[in-house]
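Mind the numbering: the sequence shown is residues 157 to 342 in the working numbering, read in order.
For glycine and all other residues, C-beta sits at the position ideal for the given N, C-alpha and C.
Source: prediction; values computed, not measured.
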Amino acid sequence: MFDPVRYTPSLPPYIACSADKKCAAAFPAYLYRFACRLEGELDTTQRTLDTAQAEATACKEDLQQKLCVLEAQLNTANDKITTTEAALVKSEAREKELTATNAELSLSKSNAEDSIASLSKELETLRESYGATEESQLDKLCQVSKEAETLRRRVREMAELKARLASAEAQSTLRVRTPIVRASTS
(Lines of atoms letter the chains of each structure in order from A and count residues from 1; the text may use other names and numbers.)
(Lines give C-alpha, C1' and ligand atoms only; values in the text may rest on other atoms or scores of the structure.)
Protein backbone atom coordinates (compact mmCIF):
# COMPACT_ATOMS: atom_id res chain seq x y z
CA MET A 1 0.00 0.00 0.00
CA PHE A 2 1.14 3.54 -0.68
CA ASP A 3 2.62 5.27 2.38
CA PRO A 4 2.35 9.10 2.19
CA VAL A 5 4.69 9.61 5.13
CA ARG A 6 7.59 7.88 3.43
CA TYR A 7 6.80 9.45 0.08
CA THR A 8 6.97 13.22 0.10
CA PRO A 9 7.86 14.30 -3.35
CA SER A 10 9.48 17.59 -3.90
CA LEU A 11 7.23 20.04 -5.61
CA PRO A 12 7.95 20.95 -9.18
CA PRO A 13 9.49 24.42 -9.57
CA TYR A 14 6.43 25.98 -11.14
CA ILE A 15 4.30 25.00 -8.11
CA ALA A 16 6.96 25.88 -5.53
CA CYS A 17 7.28 29.34 -7.00
CA SER A 18 3.57 29.79 -7.28
CA ALA A 19 1.78 32.24 -5.10
CA ASP A 20 -1.09 29.82 -4.89
CA LYS A 21 -0.12 27.62 -1.96
CA LYS A 22 -3.51 25.92 -2.03
CA CYS A 23 -2.67 24.38 -5.42
CA ALA A 24 0.70 23.28 -4.07
CA ALA A 25 -0.98 21.51 -1.14
CA ALA A 26 -3.45 19.77 -3.47
CA PHE A 27 -0.72 18.35 -5.70
CA PRO A 28 0.62 15.73 -3.19
CA ALA A 29 -2.97 14.61 -2.46
CA TYR A 30 -3.51 14.14 -6.19
CA LEU A 31 -0.32 12.06 -6.39
CA TYR A 32 -1.45 10.02 -3.39
CA ARG A 33 -4.83 9.26 -4.99
CA PHE A 34 -3.13 8.44 -8.30
CA ALA A 35 -0.67 6.09 -6.55
CA CYS A 36 -3.54 4.39 -4.67
CA ARG A 37 -5.49 3.94 -7.92
CA LEU A 38 -2.41 2.51 -9.66
CA GLU A 39 -1.80 0.21 -6.71
CA GLY A 40 -5.42 -1.05 -6.91
CA GLU A 41 -5.12 -1.64 -10.64
CA LEU A 42 -1.81 -3.44 -10.07
CA ASP A 43 -3.45 -5.70 -7.45
CA THR A 44 -6.35 -6.46 -9.81
CA THR A 45 -3.96 -7.15 -12.67
CA GLN A 46 -1.84 -9.40 -10.44
CA ARG A 47 -4.92 -11.39 -9.31
CA THR A 48 -6.03 -11.74 -12.95
CA LEU A 49 -2.54 -12.88 -13.92
CA ASP A 50 -2.44 -15.40 -11.04
CA THR A 51 -5.86 -16.76 -12.04
CA ALA A 52 -4.79 -17.06 -15.68
CA GLN A 53 -1.56 -18.84 -14.66
CA ALA A 54 -3.51 -21.26 -12.44
CA GLU A 55 -5.94 -21.99 -15.29
CA ALA A 56 -3.06 -22.47 -17.73
CA THR A 57 -1.32 -24.86 -15.31
CA ALA A 58 -4.55 -26.84 -14.79
CA CYS A 59 -5.16 -26.95 -18.54
CA LYS A 60 -1.58 -28.10 -19.17
CA GLU A 61 -1.89 -30.89 -16.57
CA ASP A 62 -5.24 -31.95 -18.05
CA LEU A 63 -3.77 -32.04 -21.56
CA GLN A 64 -0.77 -34.05 -20.33
CA GLN A 65 -3.14 -36.57 -18.71
CA LYS A 66 -5.16 -36.83 -21.92
CA LEU A 67 -1.95 -37.24 -23.91
CA CYS A 68 -0.83 -40.10 -21.64
CA VAL A 69 -4.21 -41.81 -22.03
CA LEU A 70 -4.11 -41.39 -25.81
CA GLU A 71 -0.54 -42.73 -25.96
CA ALA A 72 -1.62 -45.79 -23.96
CA GLN A 73 -4.58 -46.33 -26.30
CA LEU A 74 -2.33 -45.92 -29.33
CA ASN A 75 0.16 -48.46 -27.96
CA THR A 76 -2.68 -50.91 -27.27
CA ALA A 77 -4.05 -50.41 -30.77
CA ASN A 78 -0.59 -50.92 -32.29
CA ASP A 79 -0.17 -54.14 -30.29
CA LYS A 80 -3.56 -55.38 -31.53
CA ILE A 81 -2.66 -54.50 -35.11
CA THR A 82 0.67 -56.32 -34.83
CA THR A 83 -1.02 -59.40 -33.33
CA THR A 84 -3.74 -59.37 -35.99
CA GLU A 85 -1.21 -59.01 -38.80
CA ALA A 86 0.81 -61.95 -37.45
CA ALA A 87 -2.37 -64.04 -37.22
CA LEU A 88 -3.28 -63.03 -40.76
CA VAL A 89 0.13 -64.13 -42.08
CA LYS A 90 -0.24 -67.49 -40.31
CA SER A 91 -3.77 -67.87 -41.65
CA GLU A 92 -2.64 -67.13 -45.21
CA ALA A 93 0.12 -69.73 -44.93
CA ARG A 94 -2.39 -72.27 -43.58
CA GLU A 95 -4.77 -71.46 -46.42
CA LYS A 96 -2.03 -72.08 -49.01
CA GLU A 97 -1.20 -75.38 -47.33
CA LEU A 98 -4.87 -76.42 -47.36
CA THR A 99 -5.20 -75.46 -51.02
CA ALA A 100 -2.20 -77.63 -51.92
CA THR A 101 -3.61 -80.54 -49.88
CA ASN A 102 -6.99 -80.11 -51.57
CA ALA A 103 -5.40 -80.27 -55.03
CA GLU A 104 -3.46 -83.39 -54.04
CA LEU A 105 -6.59 -85.09 -52.67
CA SER A 106 -8.59 -84.17 -55.78
CA LEU A 107 -5.91 -85.73 -57.97
CA SER A 108 -5.86 -88.89 -55.82
CA LYS A 109 -9.64 -89.12 -55.98
CA SER A 110 -9.73 -88.81 -59.77
CA ASN A 111 -6.98 -91.46 -60.06
CA ALA A 112 -8.96 -93.80 -57.79
CA GLU A 113 -12.14 -93.23 -59.79
CA ASP A 114 -10.23 -94.02 -63.00
CA SER A 115 -8.89 -97.20 -61.41
CA ILE A 116 -12.40 -98.25 -60.35
CA ALA A 117 -13.70 -97.67 -63.87
CA SER A 118 -10.86 -99.69 -65.45
CA LEU A 119 -11.35 -102.52 -62.93
CA SER A 120 -15.06 -102.59 -63.64
CA LYS A 121 -14.30 -102.91 -67.36
CA GLU A 122 -11.78 -105.65 -66.64
CA LEU A 123 -14.39 -107.45 -64.57
CA GLU A 124 -16.86 -107.33 -67.43
CA THR A 125 -14.19 -108.50 -69.86
CA LEU A 126 -13.28 -111.33 -67.54
CA ARG A 127 -16.87 -112.39 -67.21
CA GLU A 128 -17.27 -112.52 -70.95
CA SER A 129 -13.92 -113.95 -71.98
CA TYR A 130 -13.38 -116.62 -69.46
CA GLY A 131 -15.49 -119.56 -70.18
CA ALA A 132 -13.33 -121.88 -68.15
CA THR A 133 -14.41 -123.50 -64.99
CA GLU A 134 -16.79 -121.82 -62.69
CA GLU A 135 -14.30 -122.05 -59.83
CA SER A 136 -11.59 -120.11 -61.62
CA GLN A 137 -14.13 -117.56 -62.76
CA LEU A 138 -15.44 -117.23 -59.22
CA ASP A 139 -11.92 -116.92 -57.80
CA LYS A 140 -10.98 -114.21 -60.25
CA LEU A 141 -14.31 -112.50 -59.72
CA CYS A 142 -13.77 -112.54 -55.94
CA GLN A 143 -10.28 -111.12 -56.35
CA VAL A 144 -11.49 -108.34 -58.64
CA SER A 145 -14.42 -107.67 -56.29
CA LYS A 146 -12.02 -107.38 -53.35
CA GLU A 147 -9.84 -104.98 -55.30
CA ALA A 148 -12.89 -102.99 -56.35
CA GLU A 149 -14.10 -102.89 -52.73
CA THR A 150 -10.65 -101.74 -51.59
CA LEU A 151 -10.69 -98.98 -54.19
CA ARG A 152 -14.24 -97.95 -53.21
CA ARG A 153 -13.15 -97.75 -49.58
CA ARG A 154 -10.20 -95.57 -50.59
CA VAL A 155 -12.53 -93.32 -52.58
CA ARG A 156 -14.83 -92.96 -49.52
CA GLU A 157 -11.82 -92.14 -47.34
CA MET A 158 -10.67 -89.54 -49.85
CA ALA A 159 -14.17 -88.06 -49.96
CA GLU A 160 -14.14 -87.81 -46.15
CA LEU A 161 -10.70 -86.19 -46.27
CA LYS A 162 -11.94 -83.76 -48.90
CA ALA A 163 -14.96 -82.89 -46.73
CA ARG A 164 -12.67 -82.28 -43.75
CA LEU A 165 -10.42 -80.16 -45.92
CA ALA A 166 -13.38 -78.08 -47.11
CA SER A 167 -14.45 -77.60 -43.49
CA ALA A 168 -10.94 -76.54 -42.50
CA GLU A 169 -10.80 -74.13 -45.45
CA ALA A 170 -14.13 -72.64 -44.41
CA GLN A 171 -12.85 -72.10 -40.88
CA SER A 172 -9.61 -70.65 -42.23
CA THR A 173 -11.55 -68.32 -44.52
CA LEU A 174 -13.64 -67.14 -41.57
CA ARG A 175 -10.48 -66.34 -39.64
CA VAL A 176 -8.90 -64.59 -42.61
CA ARG A 177 -11.96 -62.44 -43.29
CA THR A 178 -12.12 -61.11 -39.73
CA PRO A 179 -11.69 -57.34 -40.11
CA ILE A 180 -8.69 -55.57 -38.60
CA VAL A 181 -9.87 -52.94 -36.15
CA ARG A 182 -7.66 -49.85 -36.00
CA ALA A 183 -8.07 -47.48 -33.14
CA SER A 184 -8.66 -43.84 -33.99
CA THR A 185 -6.62 -41.17 -32.26
CA SER A 186 -9.40 -38.56 -32.12
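Taking all protein chains shown into account, decide if SER323 is buried (16 or more other Cβ within 10 angstroms of its Cβ) or exposed.
Your numbering for residue 323 matches position 167 in the sequence shown. With fewer than 16 Cβ atoms within 10 Å of its Cβ, SER323 is classed as exposed.
Out of GLU195, ALA212, CYS224, ALA304, state which residue places its alpha-carbon closest to the alpha-carbon of GLU269.
Residue numbering aside, residue 269 sits at position 113 when the sequence shown is read from its first letter. Residue ALA304 is the option with its Cα nearest to GLU269.
Nearest-angstrom beta carbon gap, LEU321 and ASN258 [assumed within contact, 8 Å]:
For the purposes of this step, residue 258 is taken as residue 102 along the sequence shown, with counting starting at 1. For the purposes of this step, residue 321 is taken as residue 165 along the sequence shown, with counting starting at 1. Confirmed, about 5 Å.
Are the region 239–259 and the region 267–281 in contact at 8 Å, needing three or more beta carbon pairs?
no
Taking 8 Å as the limit between beta carbons, can you name the residues of its chain near LYS302, skipping five residues before and five after?
Residue 302 sits at position 146 when you count from the first residue of the sequence shown. Counting only Cβ-Cβ distances below 8 Å, and skipping sequence neighbours, we find nothing.
How close, in whole Å, do the beta carbons of SER264 and MET314 come, if the pair is a contact with beta carbons under 8 Å?
Position 108 of the sequence shown holds residue 264. Position 158 of the sequence shown holds residue 314. That belief holds up - the Cβ atoms of SER264 and MET314 are roughly 6 Å apart, short of 8 Å.
Quick one: using the 10 Å Cβ neighbour count with 16 as the cut-off for buried, is SER328 buried or exposed?
As a position in the sequence shown, residue 328 is number 172, starting the count at 1. It is buried - the Cβ of SER328 has at least 16 other Cβ atoms within 10 Å.
Taking only the alpha-carbon atoms, compute the straight-line gap between VAL225 and THR238 and give it to the nearest angstrom.
Position 69 of the sequence shown, counted from the first residue, corresponds to residue 225. Position 82 of the sequence shown, counted from the first residue, corresponds to residue 238. Cα to Cα, VAL225 sits roughly 20 Å from THR238.
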